[in-house]
Each structure stands twice: as structure tokens, then as C-alpha cells.
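Protein chains in written order, with my numbering: chain E, 1 to 236; chain Y, 237 to 457; chain G, 458 to 672.
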């Protein structure tokens, strides 16, 4: 059972960090949403609908960040063969997929009042759609083998291949978008965004980050307990 | 004979003796392209508009369908395991297999494409760019596809999984390939797009064999 | 023949192996001198194939180290591959190629030319040389798989249950080939269910080292 010696340390650490992270997540998200809904001004064109951005944009950031975390964990798993690394990557994947889905769904909900359509092929949304499929691919590959460790290793390689390809895909989608652009360019509001609009965004993003940490630790703890259970029942 | 040449000739010999591989790919390509006029109507202007996109997407799918046989047969009869123990580096072997795959998939597709472009009323000015783009792009499909094929060896429902993994990675090739093909047809410069395709080819020649070999090794652990 | 490395010994110490989530064995050790033979015995699932794969470098041991002439094989897997032949359960025979083409391919991959004809003759397959492998009987195909051993030279032979589905005559051919290999200084490790008449062979039973509980 010495495989699980390190996980005992992780279990202790995560047991300590979980309550604080959960509180941080809840507080930051609450403050952020309050600022977003009640303090930031509505857009003169879109009205209150622009507030969807406060969920859409942080979700997009987290979607990319979680993928980066997955790729790093996968690299650690393959190079140093640390057993926790595979579990970290596989626990993070569904969380990232959810953030991606939320980003797509809120993008769609936003598109309807803004452009009168449920989907726009703008560069960011399209890239996020592709990212969603990269997540699904990772999860599918990890679960596609009878031998679970084989699935973990294959998915780890896929994650690294994906992270190398992601900038290329993003670049090509941007390129494609400029080739086919017709009417108004949708801009997020970049550097001209007002401070009153910016800070709730950052606060919510920070809250989402803690939310990710909480969910990741919970999933990893569950995975480790399940592995321990399997070892006890079926012998190592 | 070098290991690369030995493996390449063996794979080509097997492809021609087992027959049908090349024909299958070409037949699927032709049939899938021909479906589109039935789907969108025979208007020549509409055809010409979507010709490049249709050709590239169906070429992609045809290449995808043939990817499964890249490693699977060797995996099933133990040849792949024996190959991984040869002195020739696995990366070189992957390159040899990708070369054989391209010669029996990408190259026939490139040869047939102009005929099908004719059927789709593709603008004559675009032919050189179309062929150049396919010549540059189809090897990339074989190389990136090799990574997917290596990762899904022995997986449940490997075929569907392979498509799920590889299609997102094909998107850049698709975008630049169609852009190159269409640019010439529209009277614009196709060179920048072709250069991007060449960059993709160079990048995948360097990186894909390495990733695929890593995937093959972990399949044997 | 060229390529033989004499006076090199092949050892393993404190080996533990994990397949999937299961630990198959632990605390396994062996030592093979030039000219030596190692018979791996044990019930199904005890890890004979796993140990052979560790020896070939196909998989890494969870614990322990395997060395050739004092150097760990994990340090230079490419060099290790040049010095071994590994024949697993499957024959690795392409049915659409002739017997000769099959062997010539493996000889080419190892960089030796002209090894195929001699190997076919030694394994009594020269009458079948130009036949596509799909027309060979199962026993002939198994012999063809083993003929790789003679198509090019290697110091270390790793054989996984080579005599299963071999008739008496073919078994004789294999044993003769092994004897010649050993007298030239090569060593061989093979997994087997049945006892084999290999003079001076060590036996390693993996049953004592398996760690998984049987139902």
C-alpha cells in the first residue's frame, strides 16, 4: 500500500484547505455578483443582458486555465510517474468541461438578445467549442480502456498534444474568422472597459478559481478513497 | 535496406496485396462529395461557393476512416510489439507507416480531387492551389491521425473515439486548406495560406512521430 | 555470427511488477551468465509474461533493476533492443506476405541481410518459402514466428511459451537452435508450462512471488 503514502499527506492537506477555500469561493462569488448586478451600470445598447458577461467571461478564463492545469498534471504524471498527477488531471477534466459548457451556454444566451441568434461563429466562442471537444475527448479516452491505468496514460498524452495544438487551433480560428467577417465585430470592451465593470469580473473570476480548487480537491479525495476501497476489496 | 525503407515497402506491399484499401478511400471520397449536390440542389453558383469546403471536409473524413488500419492490424497480430523492440527508433517507424498511409490515402485523394472539383463547378483558376494545398495538407492528416490511432489502440469503440480525438486537431488544416483553395478561385493570393500549411507540415513532421511513438510505448506497458 | 556479446551477464534484483492496478509479483531476482538458460514456471497469471516483458524493456519494473553487464538496461533501451530477440505469444506473421518475405523483413529491420534463407532452412520451412503465410498450417506459422531467432543474431533470447502448439519435430528444432545459441555464448530465458530438457538450466518459479489473492 505504499503507493498511497503520499496521498495520505494530500488527504490531510486538502482536509485543511477545503473549508477555507469553500468560504473564499462563496464570499468572492457573492461579492462579485452583487457588484455585477447592482453596482455596474447596464450597457446603453444591450441593457441588463450584458450582465451575462459576468458569468461568460470568467467561465472562459477558467476553461482555459483548467486545461492548462490538466496538461501540467499530465506532464508530471508521464515524466515523474507520480500517482496523484493522473488523478489530478482526470478529476479536473469534468470541472473544466463544465466551465466550458457554461461559457458556451451563456454565450448563446447572450447572443440571442444581442444579435438575435442563438449561436455566433465568432473566434472566441468557436475556440471554446473546440476546447469543449478536447475535454470530452480526454474524458472519453481515459474511460475507454478496460485497464484504467492504460486509459490514464493515454489521456495524459492526449492532454499534452491538446495543449500544443490549442494555440494553433485558436490562431487558425481567428484567421478563419477574419477571412469570413461580414458585419459588426464583437469586441469585449478591452482596455476601455470601465472600472466599475471590471472589478466584479475579476472578483467573480477569483471566486471561480477557488470554486475550481474546492471541486478539484473534493473529486481527488473521492478518487483516492475509491482507489483505496478497490485495493482493500480486490487486493493489490 | 534501412529500417525505414523496409517498413515502408512492407506496408505498401501489404496494402496492395490485401487490396481495396485505396479503392475504398477513393470511393468513399467520391460518393460523399456527390451527395452534396443532392443535398443542396444543382445550382452551379452555390456549388462553386461551397466546392472547396466540401472537398476538404470529405477528404478529411475519408482520411479519418482509413486511420484505424494504421496500427491496428499490427497490434492485433503482435507485429507492433515486435517492431517496438527493433533497433530502428520507433519514431522513424511511425514516419514510415505515415508515409505508407499517405501514399495509399492522401495521394489518391489529391489525384481524384480535381475530377470531383469539376463536378462541383470549382473555378478553374483555383486548381493549382487546390492541388498544392492537398499535397501539403494530406500528409499532416496522416501524421496527426497517427497520434490518435496510437492513443486509441485496444480501446473500446476505438473508431468513434478516434474521430472524436482527431477531428478537433484537424481544424487548422481544414481552415488553411480551404482558404488556400478558395483564395485562388476568388482571384486572391493563395501563397500565405499555403505557407501556413507548409508550416503545419513541418511542425507535424517534427512532433507527431514523437507523440505517436510515446503513445505506442505506453500501449505496451 | 556477428553481434554476439560474450562474457556479459544478465541480472535482475528485487523486481516488482504491476499490471494495471494489480501488483503481479515482488522480490524477484535472477542471474543469467553467457550460455545460461532460465526456465520461468508458475501458474497462469503468476507473471511469467510480465517478467519477460520487463527483461525485454517493454515495461518498467515498479521496483528493482535489471542490468546487462553491470549497466541498467533502462539507461540505454535502444542498445538493449539490439541485443535481444523477444518472441511473445503472437507470431507476428503477416498472412499476405510469403514466408520468405516475412523473415526477410525482420532481418532487414535488424540490419542483417540474407539471414532469412538460412533460418527458413533450419526450421524446415524452405519448401514453404514462397507460399503466402495464410496457406501455412498453424504449426508452420508458429515455426515461422520462431524462425526470427535465426534470421539475425542476438545475444539474449526471451521466449514466451515457445513450445505450445509445436509438434515434436518442431520442438526438437527449437531445442537444437537453443543449444547452439547457448554454446556460442548466448543466453535464453523462457516461460514454459511443461518441463523442457535444457541441460544446466536454472528454474525460477514465480508462484512463490505472486502477491495477489486468489479467489
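Backbone N, C-alpha and C define an ideal beta-carbon position, used for all residues, glycine too. Small disclaimer: the values here were computed from a predicted structure and weren't measured.
| Item | Value |
| --- | --- |
| Amino acids of chain E, ordered along the chain, whose beta-carbon sits closer than 7 Å to that of residue 451 (chain Y) | 154, 157 |
| For residue 120 (chain E), three-class secondary structure by DSSP | coil |
| Chain-ordered neighbours of residue 477 (chain G) on chain E, where CB pairs are closer than 9 Å | 146, 147, 148, 149, 150 |
| Given 8 Å, three or more beta-carbon pairs between the region 648-666 of chain G and the region 608-625 of chain G | yes |
| As assigned by DSSP and simplified to three states, the class of residue 540 (chain G) | coil |
| Residue 191 (chain E) classed as buried or exposed, judged by whether at least 16 other C-beta atoms fall within 10 angstroms | Only weak support is given to the placement of residue 191 (chain E): the predicted model assigns it a pLDDT of 36, under 50, and the question is left unresolved by the model. |
| Length at least 4, wholly inside the region 11-99 of chain E: the alpha helix (DSSP H) runs in chain order | 53-80 |
| Three CB pairs or more closer than 8 Å across the region 254-263 of chain Y and the region 326-336 of chain Y | no |
| 8 Å contact criterion, which residue 519 (chain G) and residue 474 (chain G) should meet: CB distance rounded | 6 Å |
| Closer than 7 Å at the beta carbon, the chain E residues around residue 412 (chain Y) | 172 |
| For residue 494 (chain G) and residue 639 (chain G), the rounded distance between their alpha carbons | 8 Å |
| Cβ of residue 286 (chain Y) within 8 Å of any chain E Cβ | no |
| Residue-chain proximity (residue 296 (chain Y), chain E), Cβ-Cβ < 8 Å | no |
| Residue 207 (chain E) versus residue 27 (chain E) - alpha carbon distance | 8 Å |
| Interface flag, residue 230 (chain E) vs chain G, CB-CB below 8 Å | yes |
| Sheet register partners of residue 528 (chain G) (DSSP bridge) | G:525 |
| Simplified DSSP state of residue 567 (chain G), which is helix, strand or coil | coil |
| Chain-ordered chain Y contacts of residue 548 (chain G) [CB-CB under 8 Å] | 313, 314 |
| Same chain, Cβ closer than 6 Å to residue 423 (chain Y), five either side skipped, listed in chain order | none |
| Any chain Y beta carbon closer than 8 Å to residue 580 (chain G) | no |
| Residues in the region 249-269 of chain Y having any Cβ partner in chain G nearer than 8 Å | 249, 250, 253, 254 |
| Buried/exposed call for residue 442 (chain Y), threshold 16 Cβ in 10 Å | exposed |
| Residue range of the beta strand (DSSP E) that includes residue 617 (chain G) | 613-617 |
| Residue 375 (chain Y): contacting residues in chain G (beta-carbon distance under 7 Å) | Going along chain G, no residue has its Cβ under 7 Å from residue 375 (chain Y), so there is no contact; the nearest lies around 23 Å. |
| Touching by the beta-carbon criterion (3+ pairs, under 8 Å), the region 100-111 of chain E and the region 218-226 of chain E | no |
| Chain E residues whose Cβ lies nearer than 9 Å to that of residue 454 (chain Y) | 78, 150, 153, 154, 156, 157 |
| Cutoff 8 Å: residue 87 (chain E) Cβ touching any chain Y Cβ | no |
| Neighbour list for residue 551 (chain G) in chain Y, Cβ cutoff strictly below 8 Å | 246, 250, 313, 315 |
| Proximity of residue 561 (chain G) and residue 585 (chain G) at Cβ, strictly below 8 Å | no |
| Beta carbon proximity, residue 324 (chain Y) to chain G, threshold 8 Å | yes |
| Residue 392 (chain Y): CB within 7 Å of a non-hydrogen atom of the ligand ATP | Among the components of this structure there are no ligands whatsoever, and the ligand ATP is therefore not found. |
| Residues that residue 6 (chain E) contacts on chain Y, provided the C-beta gap is smaller than 8 Å | Those within 8 Å of residue 6 (chain E) in chain Y number zero; the least Cβ separation is about 21 Å. |
| Cross-chain neighbours of residue 568 (chain G) in chain Y, by beta carbon under 8 Å | 239, 323 |
| With 16 other Cβ atoms within 10 Å as the buried cut-off, status of residue 469 (chain G) | buried |
| Spatial distance of residue 578 (chain G) from residue 646 (chain G) (CA atoms) | 24 Å |
| Per DSSP, cross-strand counterpart(s) of residue 469 (chain G) | G:487, G:523 |
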